[in-house]
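S.K.: Here the numbering used here runs 152 ahead of the position in the sequence shown, where the first position is 1.
Heads up, the beta-carbon is just placed ideally off N, CA and C, and yes, glycines get one too.
Please see the structure below; I have some questions.
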Amino acid sequence: MRRVKLSFAPGLEVEFSDRDRGVQQVLEWAERGTRFPIVVFGPEGCGKTAWLKQAVELLRERGYEVVYVNPLQKEYLAHTDAKEVAKALAEAAFKVSGVGAELAYAAFNVARELVKLRKRRVAVLVDDAFQAIGLGKAAAYVKSLLGLIEYPPASYERIVAIAATSEGLSRREIGRHRWATLMPMWNMPRKGFEELYEQLPGPKPKFEEAWRWTGGNPWMLAQLYEARWNVGRVAERTVLMKELAADFVKEWREWLEVAVEDPDSLWGVGAPEELLRELVARNLIVYNVYDRDPWFWIDEPPPERDPELGVGRHVAWQTPLHREAVRRALEGTR
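Put into structure tokens, the structure is as follows:
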């Protein structure tokens, strides 16, 4: 397997780091196709994009015509010998405006055209699609992918369809229907994360410290690297990014103070629905964490519980630094 190169910071590229089980799952889908579109969700910055880009390479090596788009980044890849189809995707990317919804729809149209051209193996991988097209249209988009599998314009051998999102709310919207297989992805497992950490040049804290603050989240590792490992700056930036304003913190102080110590305090009948919606929408927590049976997960599931990393049985902070941001916001409003 050729490992793809990924941009980690300005002037620094890293190789795709070990996600053994996640890679094996792509290989299994390559052998049989996906009966339903796979919708992958998880903490922001947990490595979904890196995994998808490695999946592009894996599927290409196994004879697939592969279409990959990231509408928010206006990014696309088309591995196909159908030059007119590849040209159509390039033209769609060139015309993209706003958040890039057109590119998400173009990926579906190009995949459909490849099937129509009787390409036997077709893969369509869409990154951050739902933020681009809007939550209200997410389920319809997934249904279109399912339609390509169930009612293709021509016969085919295998189709692999995967969409990834960080949108906590899209999980509920898509889960209401039978049109996709929802699979969570957690932050990187310790082994793969250490492999990534070792690729970073220059002075850096010990691995255990990096692990303790990021919980294996590569985006948070990049934030720390950019901030020259200043945890306080990254936490304060997260406060600003998540809009943890004084009015929000004061309104929910009682619940937040308990949740930073034990996220499972948000689980159960008494937790305010409005607060839970806000924490999920702001990508601060993952609520109703799946069963830890690896069968349900992309790559490896989180631990059953890990108080140091802010992982509870049913609720988890997306990273320890997300929890730290809330803690600092609480301290700032005393």
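Of all the options E460, V278 and F193, which has the alpha carbon lying nearest to the alpha carbon of R323?
M.R.: Here residue 323 refers to the residue found at position 171 when the sequence shown is read from its first residue. Measuring from the Cα of R323, the nearest candidate turns out to be F193.
S.K.: Return the CA-CA distance between S417 and V410, expressed in angstroms with no decimal places.
M.R.: The residue labelled residue 417 in the question sits at position 265 within the sequence shown. The residue labelled residue 410 in the question sits at position 258 within the sequence shown. When rounded, the distance between both Cα atoms is 7 angstroms.
S.K.: Quick check: the Cα distance between R389 and L473, rounded to an integer number of angstroms?
M.R.: Against the sequence shown, residue 389 aligns to sequence position 237. Against the sequence shown, residue 473 aligns to sequence position 321. About 10 angstroms.
S.K.: For the alpha helix (DSSP H) containing P472, list its first residue and its last residue.
M.R.: The residue labelled residue 472 in the question sits at position 320 within the sequence shown. Start and end: P472 to E483.
S.K.: Please classify S318 as buried or exposed, where buried requires at least 16 neighbouring CB atoms within 10 angstroms.
M.R.: Here the question's residue 318 lines up with position 166 in the sequence shown. It counts as buried.
S.K.: Check N440 in the structure and name its three-state DSSP category.
M.R.: As a first step, residue 440 must be located in the sequence shown, where it is residue number 288. In the structure shown, N440 sits in coil (DSSP, three-state: anything other than H, G, I, E or B).
S.K.: What did DSSP end up calling V412 once you bin it into helix, strand or coil?
M.R.: For the purposes of this step, residue 412 is taken as residue 260 along the sequence shown, with counting starting at 1. DSSP places V412 in the coil class of the three-state scheme, outside both helix and strand.
S.K.: Is V421 buried or exposed, if buried means 16 or more other CB atoms sit within 10 Å of its CB?
M.R.: Numbered from 1 along the sequence shown, position 269 holds the residue referred to as residue 421. Burial call: exposed.
S.K.: In or out: A433 buried (at least 16 other Cβ within 10 Å) or exposed?
M.R.: Against the sequence shown, residue 433 aligns to sequence position 281. Counting Cβ neighbours within 10 Å, A433 comes out exposed, since fewer than 16 surround it.
S.K.: Leaving out five residues on either side along the sequence, give the residues of the same chain with a beta carbon under 7 angstroms from the beta carbon of A245.
M.R.: One-based indexing of the sequence shown puts residue 245 at position 93. Excluding sequence neighbours, A245 sits near K226, Y228 and L255.
S.K.: For my contact list, F260 and L297 are in at a C-beta cut-off of 8 angstroms; report their separation, rounded to the angstrom.
M.R.: One-based indexing of the sequence shown puts residue 260 at position 108. One-based indexing of the sequence shown puts residue 297 at position 145. About 7 angstroms; that satisfies the 8 angstroms criterion.
S.K.: Can the beta-carbon of A263 be found less than 8 angstroms from the beta-carbon of V274?
M.R.: In the sequence shown, residue 263 corresponds to position 111, counting from 1. In the sequence shown, residue 274 corresponds to position 122, counting from 1. Result yes, Cβ atoms of A263 and V274 sit closer than 8 angstroms.
S.K.: Three-state secondary structure (DSSP) at S318?
M.R.: Position 166 of the sequence shown holds residue 318. Here S318 sits in coil by DSSP.
S.K.: For E456, I'd like the list of residues in its chain whose CB is within less than 6 angstroms of its CB, leaving aside the five on either flank, ordered along the chain.
M.R.: Taking the sequence shown and counting its residues from 1, the one referred to as residue 456 is at position 304. Closer than 6 angstroms at Cβ, skipping near neighbours: R444.
S.K.: Three or more beta-carbon pairs under 8 angstroms between the stretch 293 to 311 and the stretch 264 to 283, yes or no?
M.R.: Yes: the two stretches touch, three or more of their Cβ pairs being nearer than 8 angstroms.
S.K.: Can you tell me whether A306 is helix, strand or coil according to DSSP?
M.R.: Along the sequence shown, read from residue 1 onward, the residue named residue 306 stands at position 154. Three-state DSSP puts A306 in coil, outside helix and strand.
S.K.: Which residue marks the beginning of the beta strand (DSSP E) containing L158, and which one marks its end?
M.R.: In the sequence shown, the residue the question calls residue 158 occupies position 6. Element bounds for L158: K157 to A161.
S.K.: In the stretch 170 to 214, which residue ranges form an unbroken beta strand (DSSP E) of at least 3 residues, counting only runs that do not cross its ends?
M.R.: 190 to 193
S.K.: Please report the distance separating the alpha-carbon of I190 from that of R480.
M.R.: Taking the first residue of the sequence shown as 1, we reach residue 190 at position 38. Taking the first residue of the sequence shown as 1, we reach residue 480 at position 328. Straight-line Cα distance between these residues: approximately 37 angstroms.
S.K.: Going by the beta-carbon positions, is the gap between L241 and V219 smaller than 8 angstroms?
M.R.: Counting from 1 along the sequence shown, the entry for residue 241 is found at position 89. Counting from 1 along the sequence shown, the entry for residue 219 is found at position 67. Yes, they are a contact pair.
S.K.: Which residues share a DSSP beta bridge with R273?
M.R.: As a working mapping, residue 273 is identified with position 121 in the sequence shown. Partner(s): R310.
S.K.: Check the C-beta distance from M335 over to W419 and give it rounded, since I have them as a contact under 8 angstroms.
M.R.: Taking the sequence shown and counting its residues from 1, one reaches residue 335 at position 183. Taking the sequence shown and counting its residues from 1, one reaches residue 419 at position 267. With 8 angstroms as the limit, M335 and W419 do not qualify as a contact, their Cβ atoms being about 21 angstroms apart.
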